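These notes are about the structure you will find just below.
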Amino acid sequence: MDVITKKELDLVALLQQSHCPTAGAVVLFSGEVRNHNSGKQVKYLEYEAHTSMATKMIDEILQSARTRWNLSIALAQHRIGKVKITESAVVVITASVHRGEAYASNRYVIDRIKHEVPIWKCEYLEDGSKEWGGNCNCHKETGDVNKHVYEFEVL
Amino acid sequence: MDVITKKELDLVALLQQSHCPTAGAVVLFSGEVRNHNSGKQVKYLEYEAHTSMATKMIDEILQSARTRWNLSIALAQHRIGKVKITESAVVVITASVHRGEAYASNRYVIDRIKHEVPIWKCEYLEDGSKEWGGNCNCHKETGDVNKHVYEFEVL
Amino acid sequence: MRIQVFAVLKDFFKKEFELSANISNIADLRRYLSLENPNAAMVLNRCRFAVQDEFVTDQYPLTGDEHIVVIPPSSGG
Amino acid sequence: MRIQVFAVLKDFFKKEFELSANISNIADLRRYLSLENPNAAMVLNRCRFAVQDEFVTDQYPLTGDEHIVVIPPSSGG
Chain A
904 MDVITKKELD LVALLQQSHC PTAGAVVLFS GEVRNHNSGK QVKYLEYEAH
954 TSMATKMIDE ILQSARTRWN LSIALAQHRI GKVKITESAV VVITASVHRG
1004 EAYASNRYVI DRIKHEVPIW KCEYLEDGSK EWGGNCNCHK ETGDVNKHVY
1054 EFEVL
Chain B
904 MDVITKKELD LVALLQQSHC PTAGAVVLFS GEVRNHNSGK QVKYLEYEAH
954 TSMATKMIDE ILQSARTRWN LSIALAQHRI GKVKITESAV VVITASVHRG
1004 EAYASNRYVI DRIKHEVPIW KCEYLEDGSK EWGGNCNCHK ETGDVNKHVY
1054 EFEVL
Chain C
6 MRIQVFAVLK DFFKKEFELS ANISNIADLR RYLSLENPNA AMVLNRCRFA
56 VQDEFVTDQY PLTGDEHIVV IPPSSGG
Chain D
6 MRIQVFAVLK DFFKKEFELS ANISNIADLR RYLSLENPNA AMVLNRCRFA
56 VQDEFVTDQY PLTGDEHIVV IPPSSGG
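Residue numbers (this note's numbering), protein chains in the order written: chain A, 904 to 1058; chain B, 904 to 1058; chain C, 6 to 82; chain D, 6 to 82.
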């Protein structure tokens, strides 16, 4: 499976391969393109990645999640190129013995992907303009582009 | 859709109908039958429900989640009867503008279903014995069978 | 009154049965059932009771015409 | 050295270009690029830099043979 792909994400196929006799809980997260952002009407998004680094970093994040929460399954895939409204841009699936770990690790993986991994989105708006957006802004709080405020930590 | 069903849960169909132009985050939880519990080898589970009350209560829980987190989508389905290893016994899907709400509400719905709704599981073990199990034990802490310690609250 | 039990209680009682004893409220019923089957007493202490699909408290008065559901602790999911 | 930029930086620089200026480390490179295109200075201040697909610090010394990737703040997902 390509971690970074130009193809439409096949959530169904990924979900179908995510059942495991030792796991009691499977959590799937799908980050999908909304028709609105910060009050603006969005037509579609376009994602760009530094593919080699992004692939390596996502693999490391998944491995770290597997170890920390003793997961049966941890996978993630991020789409690049044009992604239309309601289509999935990123999917994360985690499976574990109990549900607490599946939720926590899932959140951990998506938070780290969003903050750290070299993937960018450009919003193409209904008014014809475009905007590179949704940047990680943590440096404003932490004073360091390598230090992030993760949602999974402040819950 | 029957909230309580004897049929195999169709996660794929449910996921496919859970994309919404206004939602940026979809979370699916599947509670699946494990081959082990408390050190015992499990052959399969059998679920029983007080269907009329369970249906009404799950509907109320979903409605409460929709309101509290302003969800685009909230659905849940619980299977009864025999459920085999790796099969899904319960599914919860939530969708919202941002991911925080989708995760939190999903957790809220499954926690309340597990603690409150009149559904019971019986474990059929590899050694031939059976065991009604996994009961909500919150009364030991709260002293009241109607007061629960929800995982979503202690996170 | 008609009593319906679920899950583990079916190991102690018939799934559904009539009761014509003089029972004035839910607390009474809980005691009555516990005395009838002492092995079920521990579970019964943790059960919720419902009349017409609504949960009722121990003080809920019974006339004898009710359909009462005895609900052991949940273990769904 | 070869510079590769991504995302919003492509509005300010060519996607990939050669640089032969005398630049001794990443902090120098950040300053050089900011002076070359002051409109990009704010973004550059928030960028991470990578050499051979590994993040490097401002103090990382440059010889001139490197392939350097300039990485604006992430916005995936």
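Idealized CB from N, CA, C, for every residue including glycine. Note that the coordinates shown come from a computational prediction; the quantities given were computed from them, not determined experimentally.
query                                                                                                                        : result
8 angstroms Cβ cutoff met for H981 of chain B and I1016 of chain B                                                           : yes
Within 7 angstroms of chain A by C-beta, residues of the segment 1003-1027 of chain B in sequence order                      : G1003, Y1006, R1010, I1013
Near-chain D residues of the segment 947-971 of chain A (beta-carbon distance less than 9 angstroms), N- to C-terminal order : Y950, E951, A952, H953, S955, M956, A957, K959
Test item: CB-CB of I8 of chain D and V75 of chain D under 8 angstroms                                                       : yes
C-beta neighbour in chain B for Q980 of chain A, strict 8 angstroms                                                          : no
Proximal residues, the segment 922-933 of chain B versus chain A, C-beta separation under 9 angstroms                        : H922, C923, P924, T925, A926, G927, A928, V929, V930, L931, F932, S933
Proximity to F54 of chain D [Cα-Cα], best of D:D33, D:A26, D:N42                                                             : D:D33
Three-state secondary structure (DSSP) of H1018 of chain B                                                                   : helix
Contact list for N1049 of chain B against chain C, beta-carbon separation under 8 angstroms                                  : R53, F60
Distance CB(H1108 of chain B)-CB(H1001 of chain B) smaller than 8 angstroms                                                  : In this structure chain B extends from 904 to 1058, so residue 1108 of chain B is not present and cannot be described.
V1048 of chain B to H1042 of chain B span [Cα, whole Å]                                                                      : 5 angstroms
Distance, L49 of chain C Cα to V10 of chain C Cα                                                                             : 10 angstroms
Residue environment, K1024 of chain B, which counts as buried when at least 16 other CB atoms sit within 10 Å                : buried
Minimum Cβ-Cβ distance from E935 of chain B to chain A less than 8 angstroms                                                 : yes
C-alpha distance - W972 of chain B paired with Q966 of chain B, whole-angstrom precision                                     : 10 angstroms
Beta-bridge partners of K987 of chain B, as assigned by DSSP                                                                 : B:Y947
Under 7 angstroms by beta carbon: chain A residues contacting I988 of chain B                                                : P924
C-alpha distance - K987 of chain A paired with T62 of chain C, whole-angstrom precision                                      : 53 angstroms
T970 of chain A beta carbon less than 8 angstroms from that of E935 of chain A                                               : no
Pair within 8 angstroms by beta-carbon distance, G81 of chain C and I1022 of chain B                                         : yes
Below-8 angstroms beta-carbon distance, S79 of chain C vs any chain B residue                                                : yes
Endpoints, the alpha helix (DSSP H) within which V1043 of chain A is located                                                 : In the sequence as displayed, the identity of residue 1043 of chain A is Lys instead of Val. Element bounds for K1043 of chain A: 1042-1045.
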